[in-house]
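For the sequence shown, full-length UniProt numbering gives the first residue as 1, with consecutive numbering after it.
Quick reminder that beta carbons are idealized off the backbone N, C-alpha and C, glycines included.
I have placed the structure first, in the form of structure tokens, so that the comments after it can refer back to it.
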Amino acid sequence: MKLAFWTVTKGAGNIAREYKEKLKEHLKDYNIDVFTLKKYDVDNTTQIEDFTSNINEKFSQYDGHIFIMASGIVIRKIANLIGTKDKDPAVLLIDEGKHFVISLLSGHLGGANELTYSLANILKLVPVITTSSDVTGKIAVDTISQKLNAELEDLKSAKDVTSLIVNGQKVNILLPKNVKVTNKNSADGFILVSNKKNIEYTRIYPKNLILGIGCKKDTKAEDILNAIEDSLNKNNLDIKSVKKIATVDVKENEKGLIDAVKFLNLDLEIISRDEIKKIQNQFEGSDFVEKNIGVRAVSEPVALLASSGKGHFIEMKAKYNGITISIYEEEIKIYE
């Protein structure tokens with residue numbers, strides 16, 4: 001995770017530098033930068049000439065921004081940079097008196113509320129959270145989505161259902177059996193029994209499908225995309241739940257596959273043939289494939305190896321004119 005401290009006074013610059021050192025001891029996986037104005041010459045920071053141009057350039061490059069300055073300055077500077085709550089980075093404020101840390105923007109999906117609590121604990125500050133669901137001790141739909149590491153179908157329905165929760169109305173969470181803390185069988189739908197003419201609902205897509213793909217040389221991206229769409233449709237699965245795509249190392253530079261993965265905005269995980277050989281006997285193999293690339297199977301073993309290993313195959317191996325696709329469904333857990 002990438003964090004940036006921003007300051008416009010020498011005192012705030014020194015505080016940010018001090019806080020960075022403290023946070024590095026506790027948040028070891030975080031990359032933290034401190035931006036200060038060059039005219040104050042604060043050592044061991046990134047000194048900039050102009051605050052406005054730099055925040056404009058770097059706003060989307062960080063997961064979180066921590067401003068040590070007045071809230072009015074921050075609001076005016078980032079107003080034109082704000083997009084949507086599912087895309088915006090976390091924005092926090094710390095007062096120069098070192099009393100409070102305030103969650104200002106992207107409290108749930110951007111992680112600002114959680115980051116606020118973390119900083120408050122480490123830096124001995126008072127956390128200030130203003131989102132209604134947190135203040136009232138109730139959980140918001142986007143928080144549920146975040147805990148599931150899932151994707152919201154749309155922000156409006158999530159907001160509408162969260163409003164019901166905050167206002168004390170009854171909202172039932174309908175979970176398939178495999179989304180649990182205990183069971184794991186999949187469900188294809190649900191039955192809603194209600195005498196309400198109009199009822200609010202929203203949907204969350206779990207990111208728990210791994211696609212293992214093998215293909216012949218120079219396969220077109222369009223053909224791969226069509227094969228993926230057909231395989232998912234055949235199994236009544238949505239592309240929004242695909243976590244990543246995996247393939248064998250000899251295909252890591254296959255242009256059609258790379259372009260297809262890029263079009264879907266997914267990650268491509270490369271699995272080595274040495275790893276595949278350890279488990280390939282679990283699957284139906286091909287002498288032809290082994291002769292050409294050195295392993296007997298591709299799509300099934302790479303899907304399994306790219307997963308958590310806790311789950312099952314929905315599609316063992318679908319064949320599409322030189323393309324093979326396997327679909328592995330990971331077990332879903334709710335992390336608290």
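In the same chain as I48, and ignoring 5 residues on each side of it, the C-beta atoms closer than 8 Å to its own belong to F35, T36, L37, K38, N54, in chain order. Beta-carbon to beta-carbon, A246 and I271 are separated by about 6 Å, close enough to satisfy the 8 Å threshold. For a cut-off of 8 Å, the C-beta gap from K277 to V295 is around 6 Å, short enough to register as a contact. Beta bridge pairing from DSSP links E229 with no other residue. Taking the C-beta atoms as reference points, A260 is found nearer than 8 Å to I224.
Contact between S299 and I325 holds, with the beta-carbon distance rounding to 6 Å and staying under 8 Å. In the DSSP assignment, Y19 falls outside any beta strand (DSSP E) and within the unbroken alpha helix (DSSP H) covering 10-26. For T84, there is no enclosing alpha helix (DSSP H), as DSSP marks it with neither H nor E. Distance between G13 and E96, taken at the CA atoms: about 10 Å. Here the alpha carbons of N281 and D63 stand approximately 42 Å from one another.
Rounded to whole angstroms, the separation of the alpha carbons of V289 and A158 is 47 Å. Cβ-Cβ distances below 8 Å link D238 to Y205, L232 in the same chain, with the five nearest sequence neighbours on each side left out; the list follows chain order. Residue Y19 holds the alpha-carbon nearest to the alpha-carbon of I68 among Y19, L81, S286. Sorting L209, V248, D142, D50 by C-alpha distance to the C-alpha of E275 places V248 at the top. Counting along the chain, A246 sits inside no alpha helix (DSSP H); it lies in the beta strand (DSSP E) bounded by residues 242-248.
When secondary structure is reduced to three states using DSSP, E275 falls in the helix class. For Y328, the three-state secondary structure derived from DSSP is strand. L266 carries a coil assignment under DSSP once its states are collapsed to helix, strand and coil.
A Cβ-Cβ contact shorter than 8 Å links T46 with D33.
Contact annotation: V91 and L105 have beta-carbon atoms nearer than 8 Å.
For I210, the closest of K170, A120, A227, L268 by C-alpha to C-alpha distance is L268.
Under the three-state reduction of DSSP, I129 is assigned to coil, being neither helix nor strand. Per DSSP, H99 has no beta-bridge partner at all. Boundaries of the beta strand (DSSP E) around A4: 2-7. Around the Cβ of N113, a 10 Å sphere holds 16 or more other Cβ atoms; the residue is buried.
Taking each of A318, I323, E331 in turn and checking the Cα distance to H312, the smallest one comes out for E331. Comparing alpha carbon positions, the residue from S286, K10, S60, K22 closest to S118 is K22. It is roughly 14 Å from the alpha-carbon of T52 to the alpha-carbon of A4.
Residue environment for S60: exposed (fewer than 16 other C-beta atoms within 10 angstroms of its C-beta).
The residue from P89, A120, L93, F100 with its alpha-carbon nearest to that of L109 is P89. Put simply, the backbone Cα of K244 is about 6 Å away from that of L266.
Nearest Cα to N321 within the set I165, K217, D43, H26: K217. With respect to L125, V101 sits close: the two C-beta atoms are nearer than 8 Å. For the options E57, R17, L93, K58, the alpha carbon positioned closest to that of D41 is the one of R17. Setting aside the 5 residues that flank it on each side, K156 has no residue in the same chain whose C-beta is closer than 7 Å to its C-beta.
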